[in-house]
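Asker: Structure below; questions to follow.
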Amino acid sequence: MKLNNQIEIPELGLGVFQIPNDETADVVKNAIVNGYRLIDTAKIYENEEGTGQGIKEGLAMTGLSRDDLFITSKLWGDNHSYEETIQNFEESLKKLDLDYLDLYLIHWPGTHYAYKEAWKAMEDLYKAGKIKAIGVSNFQKSHLEELLSYAKITPVLNQIELHPKLSQEELRNFLELHDIKVQAWSPLMQGQLLDNEVLKKIADKHGKSVAQIILRWDIQQDILVNVKSIKSERMIANRQIFDFSLDSEDVKAINSLNEELRVGPDPEHFNF
10 MKLNNQIEIP ELGLGVFQIP NDETADVVKN AIVNGYRLID TAKIYENEEG TGQGIKEGLA
70 MTGLSRDDLF ITSKLWGDNH SYEETIQNFE ESLKKLDLDY LDLYLIHWPG THYAYKEAWK
130 AMEDLYKAGK IKAIGVSNFQ KSHLEELLSY AKITPVLNQI ELHPKLSQEE LRNFLELHDI
190 KVQAWSPLMQ GQLLDNEVLK KIADKHGKSV AQIILRWDIQ QDILVNVKSI KSERMIANRQ
250 IFDFSLDSED VKAINSLNEE LRVGPDPEHF NF
């Protein structure tokens with residue numbers, strides 16, 4: 010899929026949230042070997058070093074080059090000054106042992122709307138070629154309106170909690186209006202959806218798993234998606250979503266599950 014700055018991004022990525030640093034290298038290496046090209050980490054995950062090591066090992070095992078991968082990291086919310094943003098970016102780059110990032114995100118907006126300096130720093134890092142794309146995460150419409158009022162560069166995407174119980178339709182419409190892609194985190198609602206009867210029925214119909222149905226629902230709506238898995242067999246299964254399509258009745262049934270229900274914090278009220 011192409012972002013608004015014409016950079017290509019894989020539709021499906023691996024997220025490494027809550028994976029211990031000493032286990033992350035193996036997970037990332039296996040993901041690359043199993044076909045993943047997008048790896049998503051963050052400063053607050055405390056596993057950027059493991060991610061970097063896994064990237065190195067994965068490239069060595071597959072013969073791929075760095076340019077074949079799309080690596081994302083994120084700026085934590087207590088580091089939003091210009092200087093702190095530059096410093097934290099450089100620290101992330103060093104831990105990952107990379108020369109550049111494909112995507113750097115403001116992780117959470119906070120309630121004080123104090124990210125103007127951070128965005129300016131990220132714009133400068135982008136112009137310097139140290140980041141190929143810049144974006145945000147967990148931003149609501151009000152946060153985006155504030156950012157867009159002064160941003161010289163429009164965010165390429167907004168990474169948000171999104172799953173059938175939280176479809177975020179109003180926010181998605183706003184993002185589409187501004188040519189900002191949607192990327193989903195916690196697409197499987199931390200496993201809470203895997204026993205849902207509506208989803209199980211659709212899964213049986215297509216000979217797929219509930220997880221595959223949910224991920225297909227995302228991809229079919231042009232929603233980028235990061236999914237977490239530490240097991241190779243699940244990594245492989247989560248990628249087997251491009252050989253079938255949901256019909257309109259399937260999509261309608263999945264959309265009907267929306268309850269505006271979150272597993273993560275509400276960005277309107279979350280501070281760090």
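When you read off a place in the sequence shown, starting at 1, and then add 9, the result is the number in the working numbering. Note that beta-carbon positions come from the ideal geometry of N, C-alpha and C, so glycine has one too.
(1) For G144 and L166, which I take to be in contact (beta-carbon distance under 8 Å), what is that distance rounded to the nearest angstrom?
(2) Which word fits S74, buried or exposed, when buried means at least 16 other C-beta atoms lie within 10 angstroms of its C-beta?
(3) Using 8 Å as the threshold, is the region 109-116 in touch with the region 56-69, meaning 3 or more CB pairs across them?
(4) Cα separation between I64 and I140?
(5) Name the DSSP beta bridge partners of N167, please?
(6) Which partner residues does D35 have in the DSSP bridge list?
(7) Strictly by DSSP, which residues pair up with L47?
(8) When the distance is taken between beta carbons, is Q249 closer than 9 Å to K210?
(9) What span of residues does the alpha helix (DSSP H) with N182 cover, start to end?
(10) Is it true that the CB of L233 sits closer than 9 Å to the CB of L84?
(11) Pair every Cβ in the region 13-27 with every Cβ in the region 39-53, then say whether three or more of these pairs are closer than 8 Å.
(12) Taking the straight line between their C-alpha atoms, what separation do you get for K103 and N235?
(13) Any chance you could list the alpha helix (DSSP H) runs of at least 4 consecutive residues sitting entirely within the region 221-254, in chain order?
Answerer: Based on what the coordinates show:
(1) 4 Å
(2) exposed
(3) no
(4) 17 Å
(5) V145 and V191
(6) Paired residues: none, contrary to the question.
(7) F79
(8) no
(9) E178 to L186
(10) no
(11) yes
(12) 23 Å
(13) 241-247
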